[in-house]
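Numbering of the sequence shown is given in the UniProt record's numbering, commencing with residue 1 and proceeding in unit increments. Built from N, CA and C at the ideal position, the CB exists for glycine as well.
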Amino acid sequence: EMMHVDEDHGPIASVNWAPDGQHIAIGLHSSDVQLWDSTCGRLLRTLRGMHRYRVGSLAWNKNILTTGGMDGNIVNNDVRIRSHIVHTFRGHQLDVCGLKWSDSGRQLASGGADNLVYIWDLPTASSNPPLSGNEWLYRFQDHVDAVRALAWSPFQSNLLASGGDMDDQCIKFWNTQIGACLGSVDTGSQVCSLLWNKHERELLSSHQNQLILWKYPSMVKIAELTAHTSQVLFTAQSPDGRTVASAAGDETVRFWNVFGNANTGPFANFNYIR
1 EMMHVDEDHG PIASVNWAPD GQHIAIGLHS SDVQLWDSTC GRLLRTLRGM
51 HRYRVGSLAW NKNILTTGGM DGNIVNNDVR IRSHIVHTFR GHQLDVCGLK
101 WSDSGRQLAS GGADNLVYIW DLPTASSNPP LSGNEWLYRF QDHVDAVRAL
151 AWSPFQSNLL ASGGDMDDQC IKFWNTQIGA CLGSVDTGSQ VCSLLWNKHE
201 RELLSSHQNQ LILWKYPSMV KIAELTAHTS QVLFTAQSPD GRTVASAAGD
251 ETVRFWNVFG NANTGPFANF NYIR
């Protein structure tokens, strides 16, 4: 057991590793966020006062931990200082379901239960005093259900993929430099997560109990990977981009060679944890 969160703080709503691979942030239903040292299982500090309800989304940008709450607010927290709240983004009217910083750290994408995708610009967020009026760079309204799956392209800095829930079922592609939708694919089921291949122009999505690998930009299916026996809820990528971990409602975490070299057995499900 790496760490244990007291039941008094409520169920865990979100988890996200810091870029250093040592520290981990845990968002709670109580509206607090805990920071832990994973090497020794020690609670370092608890961040409070950002949200009124549960914290369901987390994203790191160097020393900034961005939190998204059920109250619709998105908060930048500098974990190095005591007064950690440095900026609040206000746009979503419902639960913030997804957060993802671009690789450059200049733009933040957020998806919400209000079916909206916002693009926030870091210089605007850091302005002192904050700029008046709408703070977002772009607001995309094309999805018709909640948006929790977000992924920035590793080969084109202004390319964002987003995936919609059950009543939407689409993967959409956005150019965040000009604020335009580049295309949309109906996948036929809820899109729970998205990951780009760091080595090839490919995109991995999770639906129901399977993962689907697509060729970009044609969006031709390369493979359908099935091993889970219930909904795949989350996916994550190893630092080298080769291995993908998937977690599902069947209470297993499975590891895949989906982005690995051909001689490692492509698409192999090589291990799992229950």
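Note down the Cα distance separating residue i from residue j, rounded to an integer number of angstroms.
i           : j    : result
N76         : W17  : 16 Å
Y53         : D71  : 6 Å
F155        : Q22  : 27 Å
R139        : E7   : 37 Å
N209        : T252 : 12 Å
P19         : Q141 : 31 Å
A245        : N158 : 26 Å
L35         : L122 : 23 Å
D145        : G112 : 9 Å
residue 318 : S153 : Nothing can be reported for residue 318, as the shown portion of the chain is limited to 1 through 274.
L213        : F259 : 10 Å
I119        : R106 : 10 Å
A248        : A151 : 19 Å
W196        : G241 : 9 Å
K62         : I85  : 15 Å
A227        : V147 : 25 Å
Y216        : F173 : 10 Å
K100        : T67  : 11 Å
I273        : F255 : 9 Å
N271        : Q237 : 15 Å
V15         : H29  : 12 Å
S83         : G164 : 35 Å
D168        : H143 : 6 Å
Could you please give me the residues that DSSP links to residue i through a beta bridge?
i    : result
A18  : None, per the DSSP bridge assignment.
R48  : Answer by DSSP bridge pairing: none, since R48 is not bridged.
K215 : E202, V220
K62  : Paired residue(s): none; K62 is not in a bridge.
I81  : DSSP output for I81 lists no bridge partner at all.
G153 : The sequence shown places Ser at residue 153, rather than the Gly named in the question. In DSSP, S153 forms no bridge with anything.
R42  : D37
C170 : D186
L195 : L204
So, under 8 Å CB-CB, residue i and residue j are touching, yes? Tell me the CB distance rounded to an integer number of Å.
i           : j    : result
residue 308 : V232 : Examination of residue 308 is not possible in this model, given that the chain is present from 1 through 274 alone.
A149        : L194 : 4 Å
A109        : V117 : 6 Å
G69         : V55  : 5 Å
D32         : H4   : Their Cβ separation, rounded to whole angstroms, is 15 Å, which puts D32 and H4 out of contact at 8 Å.
R90         : N73  : 6 Å
A13         : L65  : Not confirmed; about 14 Å, so no contact.
G98         : S57  : 6 Å
T235        : S206 : 6 Å
L94         : D114 : 4 Å
Tell me the DSSP secondary structure of residue i in three-state form.
i    : result
E135 : coil
L94  : coil
H4   : coil
H9   : helix
L159 : strand
L116 : coil
P130 : Reliability of the predicted coordinates at P130 is poor, the pLDDT of 43 falling under 50, and no value is obtained from them.
- Message: Three Cβ pairs or more, each shorter than 8 Å: is that satisfied between the stretch 200-216 and the stretch 175-182?
- Response: No contact exists between the stretch 200-216 and the stretch 175-182.
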